[in-house]
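Take a look at the structure below.
Protein chains: 2
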Amino acid sequence: MTQPIGFMYDFSSPNAYLAHKVLPDLAERHGVALTYNPVLLSIVFKATHNQSPFQAFSENRQKTAYLTHDLHRFARRRGISFHMSPHFPPNTKFAMRGAVFAQGKPWEVKYIDAVFDAIWVHGQKIDDVNVLMDVVRENDLPARKIREALGDAEIKQQLKDQSKAAVRSGVFGVPTMFAGPEMFFGKNSLANLELELSRT
Amino acid sequence: MTQPIGFMYDFSSPNAYLAHKVLPDLAERHGVALTYNPVLLSIVFKATHNQSPFQAFSENRQKTAYLTHDLHRFARRRGISFHMSPHFPPNTKFAMRGAVFAQGKPWEVKYIDAVFDAIWVHGQKIDDVNVLMDVVRENDLPARKIREALGDAEIKQQLKDQSKAAVRSGVFGVPTMFAGPEMFFGKNSLANLELELSRT
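Residue numbers (the working numbering), protein chains in the order written: chain A, 88 to 287; chain B, 88 to 287.
This is how it looks when you write it as structure tokens:
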């Protein structure tokens, strides 16, 4: 049995959203499982002196225009709904705490789908806990338990710990996918991930 | 007849070298021609406030380590010879003037192959006109005419003009591939280029 693909994500990244939409089919094609590893991008960026491509290249209008075009084209060519968030960059601190609480639960992927879609399909302001909880309820997720987890100090600490552990594994941004020890960064490395999987 | 793939390159980029190795097969698979468009990266970078990823992320060791790993892995998984140049970043001003002179000549691709390999397979210091001319001679290219072109003011101007024209088309770095009006940046966008070509 091949090791599962490890998907390091934060809801705040449009590129992570697009990778998320593509990964389940990719994993199925190669007969491998997919595990979800929430990280808080702000912690990862701080630890690695990194920033989002839109910040890093803010003085390079040609490049930021291309990055935006590439997001929309990637989505369109694969039939994925995508709209740039009117609240970019979103603060996903609470949504990511929910993701940590969701880990290993039978409704984990349902929660991840719901939150990603709320931001990148429906343009909702997920920073607001009330908006996040509306999304949770509309998707028949366990609202009371999730609401509690959002304020839970242990969950908060676990998100920090997982983010720092990811950095120690070499992660500097999202989406990042692991196939065994091999790390692949960015939605446009998915073809390289596939090549890696087809070798094993 | 579908439009050819336009490949914007500078010998100085290891990512452009890797794209160069992959593009002929890719174009053949999709039944399209491949045209070579030399640009001087220093002109492109200056015009777009851009820099190489190794410069842009110099304070992010995790990312620069990954970028280096990704170069070697991309090459290894595709059976491409590749060694990081001991003279990085090379000054390719003269080599790129030769590339402009080579455009449309029957030996154009032979020249491009020879210079890319000199830098990224054999570790030669192509900045040195004598080294460049050795490469030209070893590959039975028209040495006298090429040597003249390297000092030709019109060729020099043409390289500038082509680089600025590329910037006006949206180019901010290399490798960049055009399929009709659609622009694809970076070796890891080759799968997206293929998807684009498979639609037409």
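All C-beta atoms in this analysis are idealised placements derived from N, C-alpha and C, irrespective of residue type, glycine included.
Being a predicted model, the structure only gives us computed values, none of them experimental.
DSSP-derived helix/strand/coil call for residue i
i, result
"Ala67(B)", "Nothing in the structure corresponds to residue 67(B), since chain B is present only between 88 and 287."
"Leu121(A)", "strand"
"Leu110(A)", "helix"
"Asp157(A)", "helix"
"Val218(A)", "helix"
"Gln90(B)", "coil"
"Phe181(B)", "helix"
"Leu280(B)", "helix"
"Ser100(B)", "coil"
"Val223(A)", "helix"
"Arg286(B)", "helix"
"Gln245(A)", "helix"
"Phe203(B)", "helix"
"Leu105(B)", "helix"
"Ile233(B)", "helix"
"Val187(B)", "helix"
"Ser168(B)", "coil"
"Val258(B)", "coil"
"Val196(A)", "helix"
Neighbourhood of residue i by C-beta, 7 angstroms cutoff - its chain only, sequence neighbours within 5 removed
i, result
"Ala205(B)", "Gln211, Ile213 and Val222"
"Ile242(B)", "Arg184, Val187, Phe188 and Ala236"
"Lys301(A)", "The requested residue 301(A) is not part of the displayed model; chain A covers only 88 to 287."
"Thr135(B)", "Val254 and Phe259"
"Val119(B)", "Thr89, Pro91, Ile92 and Leu284"
"Asn103(A)", "The sequence given here places Ala at residue 103(A); Asn does not occur at that position. Closer than 7 angstroms at the Cβ level, and outside the excluded window around Ala103(A), lie Tyr96, Asp97, Val261 and Pro262."
Beta-carbon proximity list for residue i, same chain, < 8 angstroms, skipping 5 on both sides
i, result
"Met133(B)", "Note on residue identity: the sequence assigns Lys, not Met, to residue 133(B). Nothing meets the Cβ criterion."
"Gln345(A)", "There is no way to answer for residue 345(A), as the model of chain A reaches only from 88 to 287."
"Glu225(A)", "Ala201"
Residue j beta carbon less than 8 angstroms from that of residue i
i, j, result
"Trp207(B)", "Phe169(B)", "yes"
"Val202(A)", "Ala182(A)", "yes"
"Ile92(B)", "Phe272(B)", "no"
"Ser99(A)", "Thr179(A)", "yes"
"Asp112(A)", "Val261(A)", "no"
"Asn279(B)", "Asn279(A)", "no"
"Ala253(B)", "Asn137(B)", "no"
"Pro176(B)", "Ser139(B)", "yes"
"Arg165(A)", "Val109(A)", "yes"
"His107(A)", "Ile233(A)", "no"
"Met171(B)", "Val126(B)", "no"
"Pro101(A)", "Leu158(A)", "yes"
"Leu105(A)", "Phe161(A)", "yes"
"Ser256(A)", "His117(A)", "no"
"Glu269(A)", "Glu281(A)", "no"
"Lys247(A)", "Ile130(A)", "yes"
heavy atom of the ligand SAH below 7 angstroms from residue i C-beta
i, result
"Leu128(A)", "This structure does not include the ligand SAH; it has no bound ligands of any sort."
Bridge partner(s) assigned by DSSP for residue i
i, result
"Met95(A)", "Asn124(A) and Thr263(A)"
"Phe272(B)", "Thr263(B)"
Residues near residue i in its chain [Cβ-Cβ closer than 6 angstroms; skip 5 each side]
i, result
"Lys150(B)", "Phe144"
"Gln90(A)", "Gly267"
"Ala114(A)", "Ile92 and Leu121"
"Leu219(B)", "Phe181, Ala182 and Ile213"
"His174(A)", "Lys212"
"Leu154(A)", "Pro140"
"Val216(B)", "Phe181"
Fill in: Members of the stretch 257–269 of chain B near chain A, C-beta cut-off 8 angstroms
Gly257, Val258, Phe259, Gly260 and Glu269
Worksheet entry | Contact residues within the stretch 192–213 of chain A, judged by C-beta distance below 7 angstroms to chain B | none
Worksheet item: Any residues in the stretch 125–141 of chain A with a beta carbon nearer than 7 angstroms to a beta carbon of chain B? Which ones, in chain order?
Response: Thr135, His136 and Asn137
Discussion item. So if I threshold CB-CB distances at 9 angstroms, which residues from the stretch 156–171 of chain B count as touching chain A?
Written reply: His156, Asp157, Arg160, Phe161, Arg164 and Arg165
Item to complete: Closer than 8 angstroms, Cβ to Cβ, to anything on chain B: give me those residues from the stretch 102–114 of chain A, in chain order.
Response: none
Discussion item. Please list, in chain order, the residues of the stretch 232–247 of chain A that have any C-beta partner in chain B closer than 9 angstroms.
Written reply: none
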